[in-house]
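*Asks:* Residue numbers (my numbering): 1 to 382.
Quick look at the structure:
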């Protein structure tokens, strides 16, 4: 979305004199963005790359993202010069006097699921191996029937403050899309798309980067894509669910485990009158929408009071609506951004059944490469 570009300049100090050490991947992506908005020239970025070097291994997926972001070819060539099969030790630099070779664009392979997926199945996320404790634990101990009401109110307060405590950040959203015909057959991967998700001032903004491993058109949006898309994983759904005005009915279902750790399992039901769960169906020039009640379960970490997994399903969908089934799930984990750890989505799934076309669609979404919005790099005017 072109409207995002001016926003990226906010809060970025223009002073390069204090930047030290090799350039990180987050800094590189931020530098590319600043060239797009005219805050620094591509040649200056190339000079910085050669002066400071690259402090990470250059992989094909990074070159794909640079190309999708329409980085200047000179920047891509400079980065390409640091490609190496070995991990960086301190700084990787091209040999003196040797011009880096031109980039080779290799789209990453997409592996199909090993087994038939489940719409609400869970999988271990890359961040699950983190061993650091959650920031500022609120309490310890698991609730029982007697202490459940107080526990719920603490969880509600944490959920309502969730978006207030999130930093501004950027991440890469990778969505694999599958379908299967009815009666049920095996899932078939249809395509994939990659979007740059910017979370700024408590709002989610999406820029479509590629579709089917090819760069997206400059004016392409999620709304312009055919098929199933979803938004709202970054706080708005939790806020709606726990807002007292929503009137959600919660029930304590007992103690469970999520990723090997004890969690509190909670059932919920949201009535239609206060629901904000909408399903949009587009077919050519036709667009239909419906708001439905929904129900499901969430799993809560008893120490941080954070929701670590949520599964929900719409019900009482009107018989006249083309979509007859809609359900999804989101998994959260601790993710590091600029040296601090935050609970953020790492994986999500959305499943829908289309009555008219007699098929199921399924999206598997991964959120990767979280990084601070803007850059710690400081620019010094020439």
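Using N, Cα and C, we set each Cβ at its ideal position, and we do this for glycine too.
#1: Using only the alpha-carbon positions, how far apart do residue 49 and residue 372 sit?
#2: Shortest alpha-carbon distance to residue 71 belongs to which of 41, 152 and 263?
#3: Could you name the residues of the same chain whose beta carbon sits closer than 7 Å to that of residue 195, not counting the 5 residues immediately before and after it, in chain order?
#4: Please tell me whether residue 406 and residue 331 are closer than 7 Å, where the distance is taken between their beta carbons.
#5: Exposed or buried, what is residue 81 when buried is set at 16 or more other beta-carbons lying within 10 Å of its beta-carbon?
#6: Could you compute how far the alpha carbon of residue 315 sits from the alpha carbon of residue 238?
#7: Tell me the rounded alpha-carbon separation between residue 367 and residue 171.
#8: Suppose you measure from the CA of residue 23 to the CA of residue 47; what does that come to, to the nearest Å?
#9: How far does the beta strand (DSSP E) with residue 276 in it reach, from first residue to last?
#10: Tell me the DSSP secondary structure of residue 259 in three-state form.
#11: When burial is assigned at 16 or more other CB atoms within 10 Å of the CB, is residue 328 buried or exposed?
#12: Taking contact to mean at least 3 C-beta pairs separated by less than 8 Å, is the stretch 284-300 in contact with the stretch 182-198?
#13: In the DSSP assignment, find the unbroken alpha helix (DSSP H) run with residue 150 in it and report its ends.
#14: Short of 6 Å in beta carbon distance, which residues of its chain neighbour residue 87, apart from the five on each side in sequence? Order them along the chain.
#15: With contact counted as at least three CB pairs below 8 Å, one residue from each stretch, are the stretch 252-266 and the stretch 277-289 in contact?
#16: Taking only three categories from DSSP, how would you classify residue 306?
#17: Among 167, 179 and 211, which residue has its Cα nearest to the Cα of residue 200?
#18: Kindly indicate the opening and closing residues of the alpha helix (DSSP H) around residue 348.
#19: Using the C-alpha atoms, what's the distance from residue 193 back to residue 216?
*Replies:* For this structure:
#1: 20 Å
#2: 41
#3: If the five residues before and after residue 195 are omitted, its C-beta is found closer than 7 Å to the C-beta atoms of 173, 206, 207, 208, 209 and 222, all from its own chain and listed in chain order.
#4: There is simply no residue 406 to check, as the chain begins at 1 and stops at 382 in what is shown.
#5: buried
#6: The straight-line gap from Cα to Cα measures roughly 19 Å.
#7: 7 Å
#8: Between residue 23 and residue 47, the C-alpha separation is close to 12 Å.
#9: Note, residue 276: premise wrong, no beta strand (DSSP E); not H, not E.
#10: coil
#11: buried
#12: no
#13: 148-160
#14: Unreliable placement is indicated for residue 87, whose pLDDT of 42 sits below 50; the coordinate value is still reported in the next sentence. Once the five neighbours on either side are set aside, the close Cβ partners of residue 87 are 57.
#15: no
#16: coil
#17: 167
#18: Not the alpha helix (DSSP H): residue 348 falls in the beta strand (DSSP E), residues 340-354.
#19: 9 Å
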